[in-house]
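Residues in the sequence shown are numbered consecutively from 1, following full-length UniProt numbering. Each remark here refers to the structure printed beneath this line.
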Amino acid sequence: MGFDSTLDDLRSSGSPKWSDPKRPLQLWRAEMDFGTAPQIQQAVKEIIDGPGVGYLDPEQLDALREATAGFVARFGLDISPSQVSLAPDVVTIGKLLVTRLARPHERILMLTPGYKGFRHVIPLTGREVVEVPFADVDGRTTFDLAAIERELDAGVAVLILVNPANPTGRVYTREELTALDAVLSRYPATRVIADEIHAPFVMDGEHIPYATISSNAARQSITTTSASKGWNLAGYKAAQVIFTNPADLDTLAPVFAEDELALSTLGVVAQTVAYNECWHWQREALATIRANRDELSRRVATWPGVKLTPMEATYIAWLDFSGAYDAGRIPADVGAATHLEKFGVALTPGEEQGPGLERFARMMIAEPPAVFAEALERIESALGLK
Ligand SMILES: Cc1ncc(COP(=O)(O)O)c(C=O)c1O
């Protein structure tokens, strides 16, 4: 498997996602289909070929804390490894933090369209979810600060900030983050969970960790990340949470410490190797994603009534098919993803990202170019363009 794999290569890879040729192309789940960086494969193989996959050694945990500090330092977040705690994945971290930072029935603010994983699990914690839609300023989604402040006034225990954003692909500028911090600083009891898992996928602009915006932002926020997106290690289960508020180190880090030794040995090693040794592979992945993004922008420009939200980061394209309904290219009574699936390409239904978004769909573009080209052809057939 690699950056130039064909659909046949994926089909014969043994992956359940690809092995059934009758299934539509699986571009709905946030994964890359480029295989795994050779250094990670090698490190995992050495463990498997050695005495066996044993329990984690505390030194392996410390190596991942150190690698994480090195990773975030690339973006200007300077921390010590002791500020890093570990848990299986970012969604689990978000859920755990919410249950610790908010009492049952307190309110959690999410911005929509937003990451569907949080939209799914946070309500399961018994906390009330409030969703504030992004504002659209000249075709760019940004914070609706007035609407956010109205909710903060009514009481919000935790605001979840995904930066860079899924599914809108926004890389928030310093000005935007500073303005958000200025509002939040008036509500010191509110906490921020900053999910920065997509930081390695910035194509335009620069990733600015929210905690670096001000001393208030560092105090108010908790950052979470993982190599699960950047290096496609979702099944390895060893994500990170970063405490930049000293009080959290006393109260929350011990909660995470209870279960750190239950993490996957292979996962901890794989994430460490990713951060320390696999940037060349990551940049190659990003170059392929960028080329796919550029191709997608060109093609969408020829699709009547379809809009691509400008993708500054991530490998998740957010497509608005509303105009294709108006043009009679999609039947009015089906969601966009349901219609496309009939033509052999499975995207994430828009409504999983926020209410009323049935005419949107989310598409993964971290695909080898030949597979991506096939997906574009199928979408063009679905739009009656072929
Ligand atoms: C913004 C965001 N956070 C978290 C995740 C999932 O991360 P994990 O597998 O570590 O829970 C994703 C996956 O797509 C994501 O897009």
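Cβ coordinates follow ideal geometry from the N, Cα and C atoms, glycine included. Because the structure is a prediction, the values reported are computed rather than measured.
Residue i vs residue j beta-carbon contact at 8 Å
{"i": "N276", "j": "T36", "result": "no"}
{"i": "T112", "j": "W318", "result": "no"}
{"i": "L180", "j": "L145", "result": "yes"}
{"i": "V269", "j": "V84", "result": "no"}
{"i": "E106", "j": "T142", "result": "no"}
{"i": "residue 390", "j": "L161", "result": "Residue numbering for the chain in the displayed model covers 1 to 386; residue 390 lies beyond these limits and cannot be assessed."}
{"i": "T348", "j": "K116", "result": "yes"}
{"i": "P369", "j": "A291", "result": "yes"}
{"i": "residue 387", "j": "A332", "result": "Since the first residue of the chain shown is 1 and the last is 386, residue 387 is not available in this structure."}
{"i": "L96", "j": "E260", "result": "no"}
{"i": "A324", "j": "L383", "result": "yes"}
{"i": "A287", "j": "V171", "result": "no"}
{"i": "L56", "j": "T272", "result": "no"}
{"i": "residue 415", "j": "A194", "result": "Any answer about residue 415 is impossible in this case: the structure gives the chain only from 1 up to 386."}
{"i": "A361", "j": "G350", "result": "yes"}
Residue i, DSSP secondary structure in three states
{"i": "K386", "result": "coil"}
{"i": "S221", "result": "strand"}
{"i": "W28", "result": "coil"}
{"i": "W281", "result": "helix"}
{"i": "P38", "result": "helix"}
{"i": "V129", "result": "strand"}
{"i": "L111", "result": "strand"}
{"i": "P209", "result": "coil"}
{"i": "F343", "result": "coil"}
{"i": "Q197", "result": "Per the sequence presented here, residue 197 reads as Ile, with Gln not at that position. Correct three-state label for I197: coil."}
{"i": "Q240", "result": "strand"}
{"i": "R103", "result": "coil"}
{"i": "T302", "result": "coil"}
{"i": "L56", "result": "coil"}
Per-residue burial, residue i [other beta carbons within 10 Å of its own, 16 or more giving buried]
{"i": "Y210", "result": "buried"}
{"i": "D153", "result": "exposed"}
{"i": "L385", "result": "exposed"}
{"i": "L124", "result": "exposed"}
{"i": "K237", "result": "buried"}
{"i": "R29", "result": "exposed"}
{"i": "M1", "result": "exposed"}
{"i": "G52", "result": "exposed"}
{"i": "R298", "result": "exposed"}
{"i": "Q14", "result": "Looking at the sequence shown, residue 14 is not Gln but Gly. By the neighbour-count rule (16 or more Cβ atoms within 10 Å), G14 is not buried but exposed."}
{"i": "R283", "result": "exposed"}
{"i": "A346", "result": "buried"}
7 Å Cβ shell around residue i - same chain, five flanking residues per side excluded
{"i": "A102", "result": "I108, R127, A157 and V158"}
{"i": "A234", "result": "E31 and S228"}
{"i": "Y315", "result": "M32, F201, I289, M364, I365 and A366"}
{"i": "L308", "result": "L296, S297, V300, A317 and L319"}
Contacts around residue i, its chain only, beta-carbon distance under 6 Å, and the 5 residues preceding and following it disregarded
{"i": "I197", "result": "V90, T225, S226 and K229"}
{"i": "A218", "result": "A211 and T244"}
{"i": "Y187", "result": "L152"}
Residue i - partner residues in DSSP beta bridges
{"i": "L308", "result": "L319"}
{"i": "M364", "result": "I316"}
{"i": "T142", "result": "A135"}
{"i": "A87", "result": "A239"}
Same chain, Cβ closer than 8 Å to residue i, five either side skipped, listed in chain order
{"i": "G70", "result": "Y275 and N276"}
{"i": "I47", "result": "V53, T265, L266 and V269"}
Chain E within 8 Å of residue i, Cβ atoms only
{"i": "F71", "result": "Of the protein chains in the structure, only one exists, and it is not chain E."}
Heavy atom of ligand 2 within 7 Å of residue i beta-carbon
{"i": "V90", "result": "By its list of ligands, the structure shown excludes ligand 2, since it contains just ligand 1."}
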